[in-house]
Amino acid sequence: MKLLEGKTAVITGGGGGLSRCYGRALARAGAALAVSDINVEAAKATSDAIIKEGGRAITVQADVTKAAEVERLLDRAEAELGPLDIMLNVAGIFPRVPLVDMTEEVWDQVIAINLRSVYLCSRAAIRRMLPRKRGVVVSASSGTGIRGQPRGSAYAASKAGIIGFTRAVSLELKDTGVRINCFGPGATDTPLWRVGKSEEEIKRLLAAGYVYQPDDFSNVVVFLASDLSWPLNGEFISRDLHR
Numbered sequence: 487m488k489l490l491e492g493k494t495a496v497i498t499g500g501g502g503g504l505s506r507c508y509g510r511a512l513a514r515a516g517a518a519l520a521v522s523d524i525n526v527e528a529a530k531a532t533s534d535a536i537i538k539e540g541g542r543a544i545t546v547q548a549d550v551t552k553a554a555e556v557e558r559l560l561d562r563a564e565a566e567l568g569p570l571d572i573m574l575n576v577a578g579i580f581p582r583v584p585l586v587d588m589t590e591e592v593w594d595q596v597i598a599i600n601l602r603s604v605y606l607c608s609r610a611a612i613r614r615m616l617p618r619k620r621g622v623v624v625s626a627s628s629g630t631g632i633r634g635q636p637r638g639s640a641y642a643a644s645k646a647g648i649i650g651f652t653r654a655v656s657l658e659l660k661d662t663g664v665r666i667n668c669f670g671p672g673a674t675d676t677p678l679w680r681v682g683k684s685e686e687e688i689k690r691l692l693a694a695g696y697v698y699q700p701d702d703f704s705n706v707v708v709f710l711a712s713d714l715s716w717p718l719n720g721e722f723i724s725r726d727l728h729r
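Residue 487 is where the sequence shown starts when you use this note's numbering, and the numbers rise one by one after that.
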């Protein structure tokens with residue numbers, strides 16, 4: 487029997503490079519996926535990849551910064567795939583802007599997509615999980631939320647918020663059968679990571695072994711989504727926090 491056989495999972499930001507790897511990994515482990523993204527074509531590409539590999543997936547367009555759309559997303563996932571077991575929050579953006587040049591609009595957008603979405607999706611998922619006394623929420627954070635990064639104050643604040651949110655909510659979930667954890671996959675070679683970097687800089691960082699490939703952290707995400715990680719609640723699992 488596969489590790490996630492019979493489980494239903496929802497993934498946000500499902501059209502992104504990392505999300506696609508995570509979604510495919512969950513599907514290979516046996517989960518049925520509702521792949522969500524505001525970019526429906528990107529989400530569908532992920533669903534199609536899962537289905538091509540023999541998995542089960544549906545595509546749901548949703549703006550996860552809006553509570554009503556989050557509820558619609560979870561309603562459809564449960565109607566078509568079954569009761570929700572895994573909420574995987576990956577939606578996020580990282581505009582690289584110095585603080586002195588950052589507009590309020592950019593700040594608000596980052597906090598909305600990166601942090602508010604985690605709050606809304608986690609709240610909606612946990613409300614459904616508590617009566618069944620099972621389920622897990624897993625959110626993508628970042629070591630940047632602890633150590634900071636130049637031109638990344640909004641991103642760092644949002645990711646630090648996810649860590650604090652996760653730890654606080656875990657205390658509310660003690661002995662309920664529902665858990666919440668987050669992770670930091672480290673610098674990963676995705677289109678988002680390459681923005682603003684020269685080809686020379688990209689080659690140098692890849693050669694130095696500082697940057698990982700998108701699928702490198704997928705097994706950790708599967709572990710966090712599975713019952714094998716049951717002792718963990720409120721944890722932040724990071725690969726390169728001290729780099």
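No residue lacks a Cβ here, since even glycine has one placed at the ideal position from N, Cα and C.
DSSP three-state call for isoleucine 544: helix, strand or coil? For the purposes of this step, residue 544 is taken as residue 58 along the sequence shown, with counting starting at 1. Here isoleucine 544 sits in strand by DSSP.
How would you label alanine 693, buried or exposed, when you count the other beta carbons within 10 angstroms and need 16 or more for buried? Counting from one through the sequence shown, the residue named residue 693 turns up at place 207. Taking all protein chains shown into account, alanine 693 has fewer than 16 neighbouring C-beta atoms within 10 Å of its C-beta and is therefore exposed.
Between the alpha carbons of leucine 559 and serine 603, how many angstroms are there, rounded? Mapped onto the sequence shown, residue 559 falls at position 73. Mapped onto the sequence shown, residue 603 falls at position 117. Looking at the two C-alpha atoms, the distance is approximately 12 Å.
Does asparagine 575 come out as helix, strand or coil in the three-state DSSP assignment? Taking the first residue of the sequence shown as 1, we reach residue 575 at position 89. DSSP places asparagine 575 in strand when its eight states are reduced to three.
Suppose you measure from the CA of asparagine 719 to the CA of leucine 659; what does that come to, to the nearest Å? Position 233 of the sequence shown holds residue 719. Position 173 of the sequence shown holds residue 659. Rounded to the nearest angstrom, the two C-alpha atoms are 8 Å apart.
How is the beta strand (DSSP E) around threonine 532 delimited, first residue to last? Here residue 532 corresponds to residue number 46 of the sequence shown, with the count starting at 1. Unbroken run through threonine 532 is the alpha helix (DSSP H), 526-538; no beta strand (DSSP E).
Entirely within the region 595-647 and at least 4 residues each: give me those alpha helix (DSSP H) ranges in chain order. Counting only runs of 4 or more, we get 603-615 and 630-633.
Note the first and the last residue of the continuous alpha helix (DSSP H) segment covering leucine 710. Residue mapping note: residue 710 aligns to position 224 of the sequence shown, counting from 1. Looking at the DSSP string, the run of the alpha helix (DSSP H) that includes leucine 710 is 704-711.
What distance in whole Å lies between the Cβ atoms of threonine 498 and serine 522, which are believed to be in contact at a cut-off of 8 Å? In the sequence shown, counting from the first residue as 1, residue 522 sits at position 36. In the sequence shown, counting from the first residue as 1, residue 498 sits at position 12. Between the beta-carbon of serine 522 and that of threonine 498 there is about 5 Å, and that keeps the pair under the 8 Å contact cut.
Is the beta carbon of glycine 695 closer than 8 Å to that of serine 627? For the purposes of this step, residue 627 is taken as residue 141 along the sequence shown, with counting starting at 1. For the purposes of this step, residue 695 is taken as residue 209 along the sequence shown, with counting starting at 1. No.
Which stretch, first to last residue, makes up the alpha helix (DSSP H) that contains aspartate 561? Stepping through the sequence shown from its first residue, residue 561 is reached at position 75. Counting along the chain, the alpha helix (DSSP H) containing aspartate 561 begins and ends at 553-567.
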